[in-house]
Amino acid sequence: MKPETLNFFDKVYAVARLIPYGKVTSYGAIANYLGAAKSARMVGYAMNGSHGKAVPAHRVVNRKGLLTGKHHFDGTNLMQQLLESEGIEVIDNQIQNLDSVFWDPSKVL
DNA sequence: CCCTTGACGAAAA
DNA sequence: CTTTTCGCCAAGG
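First residue of the first sequence: 37, per this note's numbering; consecutive thereafter.
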C-alpha cells in the first residue's frame, strides 16, 4: 500500500472525526489545534483528500460558518442538508447560531 | 522543474 | 471602515 498519510493531513482527519454530532468547527480551529494556526488552507486541502474516509467534512466549515466546501460534495446542497439533518440551522450556505453549534477541538485537549 | 491553484484566515495598508 | 497581501504547504498542469 501507499502511505499517502501525510503527517498533517492525518491529524486533520483525526480531529474532524472527533467533531460531535450536531456540531461544527472551522479549518482555522483545527489548524490551530494542530499547532499550525496559519495553515488553515492546508486543513481544507487535507479535507479534499478526506473523500472515502470516515471524515465528516460537512461538519467542517470556514471561520464564518460558511459552507465554503459544499462544492466538493456530490450535490449542490448536500452539505447543507447533512448539517440540517443534525439539527444545525443552515441558511444560504451560512450556519445560523454558529456560536451555539461551534465545537472547538481545544475543548477536547 | 517552474508556475498556478486551493474546503482559510489573519494582518497590513 | 474596506481592500489587498502574506503565510502555509501540497498537488496538478
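No residue lacks a Cβ here, since even glycine has one placed at the ideal position from N, Cα and C.
Q117 and G71 have their C-alpha atoms roughly 31 Å apart.
Per DSSP, L70 has no beta bridge partner at all. Proximity to D128 across G101, K143, H108, S136 peaks at G101, based on C-alpha coordinates. Rounded to whole angstroms, the separation of the alpha carbons of F138 and P92 is 14 Å. Collapsing the DSSP output to three states places Q132 in coil.
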